[in-house]
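Novice: Count along the sequence shown from 1, add 1, and you get the number used in my numbering.
Ideal Cβ positions, reconstructed from N, Cα and C, are used throughout, including at glycine.
I have a structure I would like to understand better, so I am pasting it below and will then ask my questions one at a time.
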Amino acid sequence: MADYERGVERGGENRGGYQGEGGNRGGERGYSYGEREERGGRGGGYRGRYNGGGGRGGGGRKRYRDEDDHDRRPQRRRYEEPLIVKVRKQLLSIAESPLKRVETEVAEIAKTVCDNYDDIELRDSFYDLSLQLIVEQPFKIPFVAAVVMVLNTLKEEMVMELLERAIKGLNKSIIRGDWRQVKLYMKFLGSLQGLLEGDGVFTILQDFLTKALDLQTENNEETIGPELVKIILLTIPYIMASSATDAHEKAAAMIENTDIIASEPHVLQALVDPYPGDAKDDTIAPVGVLSLLQKQLQAESQNGWELFCLPRPWKMIEPEQQEALASASRHTLPTIALPEVVDAGPRPLFPELYFSVYANQDVETVPPITDISSCLLRDALVDTINILDYNRNATAKFLIDIDCYFAPDTFVKRATPFDRLRDVEGDRSKWKPEDVAVDAVFSQLFQLPVPEHKLVYYHAVLTESCKIAPAAIAPSLGRAIRFLYRKVDSMDLELNSRFMDWFSHHLSNFGFTWKWTEWIDDVELSDLDPKKAFIIGSLDKEIRLSFAQRIKGTLPPPYQQLITEDKEKDTPDFKFDDPSTPFSAEGQEILALLRKKSTEEEIQPVVDRIHALAVEQALPDPLVPSTDAYVTSICYIGSKSLSHVLSCIERCKDRLLAIGPVSPVARRQIITSVMQYWKDQPGIGVNIIDKLLNYTILSPQSVVQWAIGSEGKRLSQSFVYEMVEATVGKVTGRIRQVQLSLRVPGLLEEQKQLIEKTVEMERINMRELGREMDELLTAWANGSKDQEIEMDGREEDRELVRGWGERWLRVFRRKFAVEEAWGVEASRWVAPPEPEVEEAQEVAVGEVTAVQNPEEMKIDGDAEGAAEAADYEGIS
Numbered sequence: 002m003a004d005y006e007r008g009v010e011r012g013g014e015n016r017g018g019y020q021g022e023g024g025n026r027g028g029e030r031g032y033s034y035g036e037r038e039e040r041g042g043r044g045g046g047y048r049g050r051y052n053g054g055g056g057r058g059g060g061g062r063k064r065y066r067d068e069d070d071h072d073r074r075p076q077r078r079r080y081e082e083p084l085i086v087k088v089r090k091q092l093l094s095i096a097e098s099p100l101k102r103v104e105t106e107v108a109e110i111a112k113t114v115c116d117n118y119d120d121i122e123l124r125d126s127f128y129d130l131s132l133q134l135i136v137e138q139p140f141k142i143p144f145v146a147a148v149v150m151v152l153n154t155l156k157e158e159m160v161m162e163l164l165e166r167a168i169k170g171l172n173k174s175i176i177r178g179d180w181r182q183v184k185l186y187m188k189f190l191g192s193l194q195g196l197l198e199g200d201g202v203f204t205i206l207q208d209f210l211t212k213a214l215d216l217q218t219e220n221n222e223e224t225i226g227p228e229l230v231k232i233i234l235l236t237i238p239y240i241m242a243s244s245a246t247d248a249h250e251k252a253a254a255m256i257e258n259t260d261i262i263a264s265e266p267h268v269l270q271a272l273v274d275p276y277p278g279d280a281k282d283d284t285i286a287p288v289g290v291l292s293l294l295q296k297q298l299q300a301e302s303q304n305g306w307e308l309f310c311l312p313r314p315w316k317m318i319e320p321e322q323q324e325a326l327a328s329a330s331r332h333t334l335p336t337i338a339l340p341e342v343v344d345a346g347p348r349p350l351f352p353e354l355y356f357s358v359y360a361n362q363d364v365e366t367v368p369p370i371t372d373i374s375s376c377l378l379r380d381a382l383v384d385t386i387n388i389l390d391y392n393r394n395a396t397a398k399f400l401i402d403i404d405c406y407f408a409p410d411t412f413v414k415r416a417t418p419f420d421r422l423r424d425v426e427g428d429r430s431k432w433k434p435e436d437v438a439v440d441a442v443f444s445q446l447f448q449l450p451v452p453e454h455k456l457v458y459y460h461a462v463l464t465e466s467c468k469i470a471p472a473a474i475a476p477s478l479g480r481a482i483r484f485l486y487r488k489v490d491s492m493d494l495e496l497n498s499r500f501m502d503w504f505s506h507h508l509s510n511f512g513f514t515w516k517w518t519e520w521i522d523d524v525e526l527s528d529l530d531p532k533k534a535f536i537i538g539s540l541d542k543e544i545r546l547s548f549a550q551r552i553k554g555t556l557p558p559p560y561q562q563l564i565t566e567d568k569e570k571d572t573p574d575f576k577f578d579d580p581s582t583p584f585s586a587e588g589q590e591i592l593a594l595l596r597k598k599s600t601e602e603e604i605q606p607v608v609d610r611i612h613a614l615a616v617e618q619a620l621p622d623p624l625v626p627s628t629d630a631y632v633t634s635i636c637y638i639g640s641k642s643l644s645h646v647l648s649c650i651e652r653c654k655d656r657l658l659a660i661g662p663v664s665p666v667a668r669r670q671i672i673t674s675v676m677q678y679w680k681d682q683p684g685i686g687v688n689i690i691d692k693l694l695n696y697t698i699l700s701p702q703s704v705v706q707w708a709i710g711s712e713g714k715r716l717s718q719s720f721v722y723e724m725v726e727a728t729v730g731k732v733t734g735r736i737r738q739v740q741l742s743l744r745v746p747g748l749l750e751e752q753k754q755l756i757e758k759t760v761e762m763e764r765i766n767m768r769e770l771g772r773e774m775d776e777l778l779t780a781w782a783n784g785s786k787d788q789e790i791e792m793d794g795r796e797e798d799r800e801l802v803r804g805w806g807e808r809w810l811r812v813f814r815r816k817f818a819v820e821e822a823w824g825v826e827a828s829r830w831v832a833p834p835e836p837e838v839e840e841a842q843e844v845a846v847g848e849v850t851a852v853q854n855p856e857e858m859k860i861d862g863d864a865e866g867a868a869e870a871a872d873y874e875g876i877s
């Protein structure tokens, strides 16, 4: 019995130490015996701590929590967030939550700022953050403007200061040629039209229109004038959605005046048409955004400026607040200064066409082009996508939450199935927010002549969006893919290549799953057919991102023939191992010598032997077979990795460099040997060709002649287009690099002359390459190429080759035209004045504070949520 009691005592002692802190453990923590007794004594445990029970010690007589005088536990210091941080968080997160009334958020922010007007740091932070929000998060422009309008009823001097800062920022943007920021400032000022005296923003719009007319009169091909008109047309809806009540006549007059520029198609518009081929019945002919906006605004003017998609957060809940807004003071808008010579900005301006992947569906899931909402939503989305390129997670989150930033009932509920949209009653909107967002991303991914950012950024935005909201985004992507695939045969070739790259990349992020059975009938088409060529090219790119056996396992049986056994080999066979191959013995000998890293003097006798045999066989160029054996051996040795092949090329580059000047045919044989060895994995071959160009072993002309000079079927192969596009990109990139070096400050006059001479020489070489490509591709497009006899008399294949020739010709004519235009603009460049140091530092600090604090923005992706969504398919 005693042993039992001791056991219980020990057990109580152990249990007491868990939460009751009873027994000896309580003593170790500094409690006196009496305190231990109050806490339940030894063995008190959980109950002993709170109710007084316990083991030895008798139990507590009072509840410890009731004795405030004896509570010696350390209290956590209460943390109160600094007011400036609180206001920043409120402003940064405005309108982001669908659970909060945005009118309440607006009123709270304005009141807090006003009540703490004497806090200079808070006041300046509010000014800076407000102006940064409108140029970094365009969705929030109406909400920031609403805060300013409420603030005008409380502290009007703050509004005057904010207007002066906004105009200062607008002037700087005009001088820099940053037309996007100019547009965003104008939208903000337009939203404040109700608190401006006189004509307000219309004065600035008139200055823009006058400048645009002057520029177009001087040169109807310039693009700054149309850009200014576009800014005018996109500002007017924000004016009409503001609290201003006297703007109808002014807006109508402005729209009438812009018609002379907006309604006339730009001369460069045909250059960026995404569907230059024979359009199908369901294809909408691309329309210029400028003329589209003009027609939409004219229609909206006749309908009383409903503009139902734009939010109006300035309409307060309480009647007295609304009355205060109506009776608040008005302010004179500071003037702007348009320079005599307007800078086009860092990016070339081209006419913009309205591109949509959801055209002519059974149910309109995106605004039709007859509705002004199509342009207003697209413009805000595109600006958000391109501004937030530093954070794809933030961009994706904004796209998913698009319905938070526009008027209620603009969209249907998120993730509403397409089939259920038919059940929506009456005139209610059937627009899917995810379709509108995806459509905007594709418009940038397929922007011609060049997208604003690297294509992989837009890939990543779509991938992240799919991970955040798979049930909503995946079906939208599936319908987009089907639409684009139907347009493959009429789509611009460059866009076709971008579509192929994105499609394969996106599938790689979601298990390479796609409903390939939908396209089974196209597998039997000729390899020259655009749809069959797309399938072959996509599978090749998928294999690059994985391996052949895995990709083969994702395909239905009819597709299996497209992935041969040779594609599954890690190392292609060395063709000279086959005795029936000409010069097989010599090829094996060269391979053995290269493996031993023999000198060129040791290899030369074998090469001479090949030359002698070639002469005996009356081959036209003896250097061709020796080059074939030499380069094929290099490829076989370097097949383990890119570093292996580069190491081998480095050792052998002297002989390879000597081939080109002696025989252009042998130089092209280098390409043939590389691509023939890697025929089952052409992506590796293209990569090696790129490295050989860097070594100047190959010339751009030799690559072009090999690719489009002899075999028409090569025009349909995606890797050939990839090779030529990269080659032309190297040529044009070299010119830009040299020409941009003229902008380095402090250059001597002799250095400038040398650079200008180099630029001119490089430009001459580029024009020669362009002329050669134009001649070769024109021959294919016209059907006058001699090599068409290879089509075995099939008229269908000949027509397909002609079609490929036309598509290639269009793409590269555009590329060379863009480079010529860029050169003209670059030659006009004038060194800007040195920036004021204090202003530059102030802006830099503000930018860092505003955009590099994701915790405050609350828009960084949730890693846990993304991981959970990774199990879903990326498309359906």
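Please return the same chain residues whose Cβ sits closer than 7 Å to the Cβ of Ala630, not counting the five positions on each side in sequence.
Specialist: In the sequence shown, the residue the question calls residue 630 occupies position 629. The beta carbon of Ala630 lies closer than 7 Å to those of Phe577, Phe584, Glu587, Gly588, Ile591, Ile611 in the same chain, with the five residues before and after it left out.
Novice: Tell me the DSSP bridge mates of His332?
Specialist: Along the sequence shown, read from residue 1 onward, the residue named residue 332 stands at position 331. Under DSSP, the beta-bridge partners assigned to His332 are Leu197.
Novice: Buried or exposed: Ile638, going by 16 or more other Cβ atoms within 10 Å of its Cβ?
Specialist: Position 637 of the sequence shown holds residue 638. Flag for Ile638 reads buried.
Novice: I'd like to confirm the pairing. Which residues does DSSP put opposite Tyr355 in its beta bridges?
Specialist: Position 354 of the sequence shown, counting from 1, holds the residue named residue 355. According to DSSP, which records beta bridges pairwise, Tyr355 is partnered with Val288.
Novice: Taking Trp517 as the reference, give the member of Ser547, Leu546, Trp503, Tyr486 with the closest Cα.
Specialist: Your numbering for residue 517 matches position 516 in the sequence shown. Here the closest residue by C-alpha is Tyr486.
Novice: For Ala619, count the other beta carbons within 10 Å of its own beta carbon; 16 or more makes it buried, fewer makes it exposed. Which is it?
Specialist: Reading the sequence shown from its first residue, position 618 is the one you call residue 619. Exposed is the call here.
Novice: What is the DSSP secondary structure of Trp805, counted as helix, strand or coil?
Specialist: Sequence index remark: in the sequence shown, residue 805 carries index 804 (1-based). Correct three-state label for Trp805: helix.
Novice: Answer with buried or exposed for His507, where buried requires no fewer than 16 other C-beta atoms within 10 angstroms of its C-beta.
Specialist: Walking along the sequence shown from the start, residue 507 turns up at place 506. By the neighbour-count rule (16 or more Cβ atoms within 10 Å), His507 is buried.
Novice: Answer with buried or exposed for Leu693, where buried requires no fewer than 16 other C-beta atoms within 10 angstroms of its C-beta.
Specialist: Position 692 of the sequence shown, counted from the start, is the residue given in the question as residue 693. Buried is the call here.
Novice: Are Val288 and Thr396 touching if we call contact CB-CB under 9 Å?
Specialist: Here residue 288 corresponds to residue number 287 of the sequence shown, with the count starting at 1. Here residue 396 corresponds to residue number 395 of the sequence shown, with the count starting at 1. No, they are not a contact pair.
Novice: At which residues does the alpha helix (DSSP H) containing Met187 begin and terminate?
Specialist: For the purposes of this step, residue 187 is identified with residue 186 of the sequence shown, where counting begins at 1. Counting along the chain, the alpha helix (DSSP H) containing Met187 begins and ends at 180-192.
Novice: What do you get for Ser627, buried or exposed, if any count of 16 or more other CB atoms within 10 angstroms of its CB means buried?
Specialist: Counting from one through the sequence shown, the residue named residue 627 turns up at place 626. Counting every other CB atom within 10 Å of its CB across the protein chains shown gives Ser627 a total of 16 or more, marking it as buried.
Novice: Can you have a look at Asp247 and say buried or exposed, based on whether 16 or more other CB atoms are within 10 angstroms of its CB?
Specialist: In the sequence shown, counting from the first residue as 1, residue 247 sits at position 246. Asp247 sits exposed, since fewer than 16 C-beta atoms from the chains shown fall within 10 Å of its C-beta.
Novice: Keeping to the same chain, check which residues put their C-beta closer than 7 Å to that of Asn153; ignore five residues upstream and five downstream.
Specialist: Residue 153 sits at position 152 when you count from the first residue of the sequence shown. The answer, listed in chain order, is Val160, Leu196, Ala329, Ser330.
Novice: Using the C-alpha atoms, what's the distance from Gly178 back to Glu651?
Specialist: Reading the sequence shown from its first residue, position 650 is the one you call residue 651. Reading the sequence shown from its first residue, position 177 is the one you call residue 178. Going from the Cα of Glu651 to the Cα of Gly178 covers about 45 Å.
Novice: Does Gly804 come within less than 9 Å of chain D when only Cβ atoms are used?
Specialist: Any reference to chain D falls outside this structure, which holds one protein chain only.
Novice: Cα-Cα, which of Leu749, Gly686, Glu807 is closest to Ala782?
Specialist: Walking along the sequence shown from the start, residue 782 turns up at place 781. Ranked by Cα distance from Ala782, the first of Leu749, Gly686, Glu807 is Glu807.
Novice: Going by Cα to Cα distance, which pick from Leu556, Ile544, Pro558 is closest to Asp567?
Specialist: Start at 1 with the first residue of the sequence shown, and residue 567 comes out as number 566. The candidate whose alpha carbon is nearest that of Asp567 is Ile544.
Novice: Where does Met767 fall in DSSP's three states?
Specialist: Here the question's residue 767 lines up with position 766 in the sequence shown. Looking at Met767 - three-state DSSP - the assignment turns out to be helix.
Novice: Could you spell out the range, first to last residue, of the alpha helix (DSSP H) harbouring Ser585?
Specialist: Position 584 of the sequence shown, counted from the start, is the residue given in the question as residue 585. Looking at the DSSP string, the run of the alpha helix (DSSP H) that includes Ser585 is 585-596.
Novice: Are the beta-carbon atoms belonging to Val107 and Val151 less than 9 Å from one another?
Specialist: For the purposes of this step, residue 107 is taken as the residue at position 106 of the sequence shown. For the purposes of this step, residue 151 is taken as the residue at position 150 of the sequence shown. Contact: yes.
Novice: If you follow the alpha helix (DSSP H) that Phe209 is in, where does it begin and where does it stop?
Specialist: Sequence index remark: in the sequence shown, residue 209 carries index 208 (1-based). Taken as a continuous stretch (DSSP letters only), the alpha helix (DSSP H) holding Phe209 covers 202-219.
Novice: Look at the Cβ atom of Ala111, then the Cβ atom of Val103, and state whether they are nearer than 9 Å.
Specialist: The sequence position of residue 111 within the sequence shown is 110, counting from 1. The sequence position of residue 103 within the sequence shown is 102, counting from 1. It is not a contact, given that the beta carbons lie outside the stated cut-off.
Novice: Using 8 Å as the threshold, is the stretch 419-427 in touch with the stretch 359-368, meaning 3 or more CB pairs across them?
Specialist: yes
Novice: Leaving out the 5 sequence neighbours to the left and right, which residues in its chain are closer than 7 Å to Leu716 when beta-carbon positions are compared?
Specialist: One-based indexing of the sequence shown puts residue 716 at position 715. Excluding positions up to five away in sequence, the list reads Ile709, Trp781, Val802, Trp805, Gly806, Trp809.
Novice: If you follow the alpha helix (DSSP H) that Ile373 is in, where does it begin and where does it stop?
Specialist: Indexing the sequence shown from 1 puts residue 373 at position 372. 373-388 is the extent of the alpha helix (DSSP H) around Ile373.
Novice: Taking DSSP as the reference, what is the three-state secondary structure of Ile118?
Specialist: The residue you call residue 118 lines up with position 117 of the sequence shown. According to the sequence displayed, residue 118 carries Tyr and not Ile. Note: Tyr118 maps to coil in three-state DSSP.
Novice: Could you round the C-beta distance between Ala667 and Asp609 to whole angstroms and report it? I think they count as a contact, below 8 Å.
Specialist: Numbered from its first residue, the sequence shown carries residue 667 at position 666. Numbered from its first residue, the sequence shown carries residue 609 at position 608. Contact flag wrong, Cβ pair sits at about 15 Å.
Novice: Are the stretch 269-276 and the stretch 345-354 in contact at 8 Å, needing three or more beta carbon pairs?
Specialist: yes
Novice: Under a three-way DSSP split, which group does Lys532 fall into?
Specialist: Taking the first residue of the sequence shown as 1, we reach residue 532 at position 531. Of the three classes helix, strand and coil, the one that applies to Lys532 here is helix, per DSSP.
Novice: Within 10 angstroms of its Cβ, does Lys316 collect 16 or more other Cβ (buried), or is it exposed?
Specialist: The residue given as residue 316 occupies position 315 in the sequence shown. When all chains shown are included, Lys316 counts as exposed.
Novice: Answer with buried or exposed for Gln738, where buried requires no fewer than 16 other C-beta atoms within 10 angstroms of its C-beta.
Specialist: Translated into the one-based positions of the sequence shown, residue 738 becomes position 737. Around the beta carbon of Gln738, fewer than 16 other beta carbons lie within 10 angstroms, which makes this residue exposed.
Novice: Would you be able to state if there are at least three C-beta pairs under 8 Å between the stretch 399-415 and the stretch 371-382?
Specialist: yes
Novice: Ser292 and Pro312 look like a contact to me (Cβ under 8 Å); what is the Cβ gap, rounded to whole Å?
Specialist: Position 291 of the sequence shown, counted from the first residue, corresponds to residue 292. Position 311 of the sequence shown, counted from the first residue, corresponds to residue 312. Actually they do not touch by this definition, with Cβ atoms about 27 Å apart.
Novice: Less than 9 Å separating the beta-carbons of Leu546 and Ser599?
Specialist: On the sequence shown, residue 546 is found 545 positions in, with the first residue counted as 1. On the sequence shown, residue 599 is found 598 positions in, with the first residue counted as 1. Cβ atoms of Leu546 and Ser599: not closer than 9 Å.
Novice: Between the stretch 682-699 and the stretch 768-775, can you find at least three pairs of beta-carbon atoms closer than 8 Å?
Specialist: Taking 8 Å as the limit for Cβ pairs, the verdict is that the stretch 682-699 does not touch the stretch 768-775.
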